[in-house]
Amino acid sequence: MIRFIVRRLLQLIPTLFGLSILLFIWLRRLPGGPETAILGERGTPELRAQIRKNLGLDEPLLIQYGRFMKRMLKLDLGTSISTKREVMTEFLERFPGTVELTITAMIIAIGVGIPLGYLAARRRGSFLDSASVGGSLIGICVPVFFLAYVLKAIFSENLQLFPSSGRQDPTLGATRITNFFVLDGLMTREWDAALDALWHLILPGIALASIPLAIIVRITRASVLEVLSEDYVRTAQSKGLNERTIRGRHILRNAMLPIVTVIGLLTGGLLSGAVLTETVFAFSGIGAFLYEAISNRDYPVLMGFIMIIAVFYVLVNLLVDVSYSLIDPRVRVR
Amino acid sequence: MPLLDVKDLSVTFARRGQRTVRAVDGVSFSVEAGEVVGLVGESGCGKSVTSLALMGLLPKQRGVTIGGSAMFGDTDLLKTDERTMRDIRGRDVAMIFQDPLSSLNPVIPIGIQVTEVLTRHRGLTGAKATAEATDLLNRVGIPDPTRRLKEYPHQLSGGMRQRALIAMAVACAPKLLIADEPTTALDVTIQAQILELLRGLVRDSGTALVMITHDLGVVAGMCDTVNVLYAGRVVESARRKPLFADPRHPYTTGLLGSVPRLDAGKGERLHAIRGSVRDVLPWPDGCAFAPRCDRRVDACVGEPPALVEGVHRHAYRCVNPESRTVEVPS
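Chains A and B, in that order, give the protein sequences. Last residue of the first sequence: 334 in the UniProt record's numbering, with the numbers rising by one and none dropped. Last residue of the second sequence: 330 in the UniProt record's numbering, with the numbers rising by one and none dropped.
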């Protein structure tokens, strides 16, 4: 098991190397450059050349890439062109927000999705079944930003139940340690700050959960239906076991593999930021910042952020692979 | 009073847009305490549906109708509520299934699958349950039970898996055991071992056994009483000896004739019943076996033949029964 994990972590190195080359080429091939973003339409050719020279963009690609790699090896991601701050600092400030949002959304999606999918399968053909299948179709179809606006209009503007924007009430003057606001609040025992941060997560969390929820409901339903027709479920029933044992030990445990797979993929996807949801709720995660960076051709930010997100994506999926072997002894890794 | 008295059991499956299927059509038989009763027939004759109906394991959904009665002591297994059935299943009536690999949960160690029955019905937990499970595996002839308890079904051989399933079934010393083709998925040599094991368990514990099979060799070796099923009805029922010595229903003789025999004459062809179990005349229109029967007469069609009771509780459902004597296969 340990060897498997180590091997997978070592595989990260060539993956990241390949990704860095692809990213580097792809970003430089985008039309325009940081100088256009800085100067706008009216910059003179001389000024543009000057800026390119200052940023080191006039040198051959290979040399630029070499310089980038050299810095990367020292875990130095460079400085943002537009904010003039360290890329790592920007990342550490924003990524915790995205992680908190992702965790909230996945807790909602899993907590509602698995029970709902299970019940739909057990009561196949019932109203609940049709409702959850139909509802999940709507969940996939409704654009997230639309749902976000509707939630915001109803629950924060009309009913005033939830805050409409931001990650925390700035007037609380909460102490920052990790930039995970909820965690910070718990660590510093500033309970009101933790609760307030949590409160800010609910609406964007629901909006972001809609698509993963719909997918998890459907996968769970399909997977449970398949397991229900297995002989060992009948064996479990023939032993007179109670419903809870049959559900947990014999049905859900066996139905878990495909569900865990999509949960991993969905979580990885959410970690790369949610531009629309973040924008609607003025939530400072990496999504909106990355979007800005693309329009500003902020090469260091794009390279750095995407590389780190890739690492997390691989880690989440490694976690999925490890959990496979915990769920099913037949896929136990060597 | 018999241990289990099944009267007029019928199971129909109705689906919208399709014609209703009567899988079991008025089956009656009884099982005395400690007796081994065979339910014999081809695939599709209603054997497995009968056993699932008795266990209360048929899907509870629209379109599935169960009729008749199955008295087990004072309770009617067909009309008992699910909660009571849960208490009966595994404790008083247990079942062994056909395919041991698919009948075991692949992701749970054998040990838990054995102890969960002990916990549910006998309240044993922890070390006590493990000790009892070890003892059970020992009794069903699984070597090195302590190690096997920690293993998963895919790590066991086919015979071993069936032994484990049998261990789970006999864990609470049930009064009645239903075995649905317990040897079909196994090698011939393993089959004999499993049958020997079942015979021993029944003998030692006094558990009654309903043996569902299509294999007359199994019947000859184990059963005290035999019920031959065809298209959802009992067509012949008798004690083992008279059935083999003096089969009356042409279907029974057909089944007996299609058993390969080592002492058959050289060049003698194996007898086969012509047609398939799907060439069925609906019972209300006459004898369901008539389309495949060599002894068919005009009286076979028109109305269903009644069950004729002969000597020594030998009953058969035929208007033109056989009377020749057939040797008992050893």
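Glycine residues also receive a C-beta, built at the ideal position from the N, C-alpha and C atoms. Every value quoted in this text rests on a predicted model; they were computed, and no experiment measured them.
- For G111 of chain B, the enclosing alpha helix (DSSP H) has its first and last residue at 110-122.
- Partner residues in the beta bridge of A179 of chain B, as assigned by DSSP, are B:I96, B:M211.
- Only those residues of the region 210-241 of chain A whose C-beta falls short of 8 Å from the nearest C-beta of chain B are listed: E230, D231, Y232, R234, T235, A236, Q237, S238, K239, G240, L241.
- The beta carbons of V259 of chain B and G217 of chain B sit closer together than 8 Å.
- Under the Cβ criterion of 8 Å, R244 of chain A is not counted among the residues facing chain B.
- In the structure shown, N227 of chain B adopts extended strand secondary structure according to DSSP, grouped into three states.
- According to the DSSP assignment, L77 of chain B belongs to no beta strand (DSSP E), since it is labelled neither H nor E.
- When Cβ-Cβ separations below 8 Å define contact, P305 of chain B makes no contact with chain A.
- Nearest CB-CB separation between D99 of chain B and chain A: below the 8 Å threshold.
- At a cut-off of 8 Å between beta-carbon atoms, R163 of chain B makes no contact with chain A.
- Here L124 of chain B is not near A167 of chain B, since their CB atoms are 8 Å or more apart.
- A residue is called buried once 16 or more other Cβ atoms fall within 10 Å of its Cβ, and N105 of chain B is buried on that count.
- Under the three-state reduction of DSSP, T79 of chain A is assigned to strand.
- Restricting attention to beta strand (DSSP E) runs no shorter than 3 residues, the region 220-273 of chain B encloses them at 225-230, 233-239, ordered along the chain.
- The alpha-carbon separation between C223 of chain B and R199 of chain B amounts to approximately 10 Å.
- The contact set of N254 of chain A on chain B, defined by CB atoms closer than 8 Å, consists of N105, P106, V107 in chain order.
- Taking the CA atoms as reference points, L116 of chain A sits about 44 Å from N296 of chain A.
- When 7 Å is used as the limit between beta carbons, P329 of chain A is near these residues of chain B: V107, Y152, in chain order.
- Contact check for M106 of chain A against T267 of chain A passes: the beta carbons are separated by less than 8 Å.
- For chain A, the residues of the region 38-72 of chain B that bring a beta carbon within less than 9 Å of one of its beta carbons are L52, M55, G56, L57, Q61, R62, in chain order.
- Identification of residues in the region 178-190 of chain B having a C-beta nearer than 8 Å to some C-beta of chain A yields an empty set.
- Under the Cβ criterion (8 Å, minimum of three pairs), the region 79-86 of chain B does not count as touching the region 6-16 of chain B.
- The beta carbon of S102 of chain B sits closer than 7 Å to none of the beta carbons in its chain outside the five residues before and after it.
- From the beta-carbon of A94 of chain B, the residues of chain A found nearer than 9 Å are S238, K239, G240.
- When only Cα atoms are considered, G43 of chain A and T36 of chain A end up about 8 Å apart.
- A straight line joining the alpha-carbon of I21 of chain A with that of S157 of chain B spans about 51 Å.
- For secondary structure counted as the alpha helix (DSSP H) over 4 or more consecutive residues, the region 72-122 of chain A holds these complete runs in sequence order: 87-122.
- Not flagged as an interface residue toward chain B: R247 of chain A, since no C-beta distance is shorter than 8 Å.
- With contacts defined as CB atoms closer than 8 Å, L101 of chain A and G248 of chain A fail to qualify as a contacting pair.
- Taking 8 Å as the cut-off, the beta carbon of T277 of chain A is found closer than this to the beta carbon of V144 of chain A.
- Here the alpha carbons of P204 of chain A and G32 of chain A stand approximately 34 Å from one another.
- Per DSSP, the unbroken alpha helix (DSSP H) holding T134 of chain B starts and ends at 126-139.
- By the CB criterion at 8 Å, I206 of chain A and I140 of chain A fall outside the cutoff.
- Contacts with chain B at 8 Å (Cβ-Cβ) do not include H200 of chain A.
- Sequence-distant Cβ neighbours of V320 of chain A in its own chain, meaning closer than 7 Å and more than five residues away, are V260, T261, G264.
- Between the C-alpha atoms of I138 of chain A and A214 of chain A there is a straight-line separation of about 8 Å.
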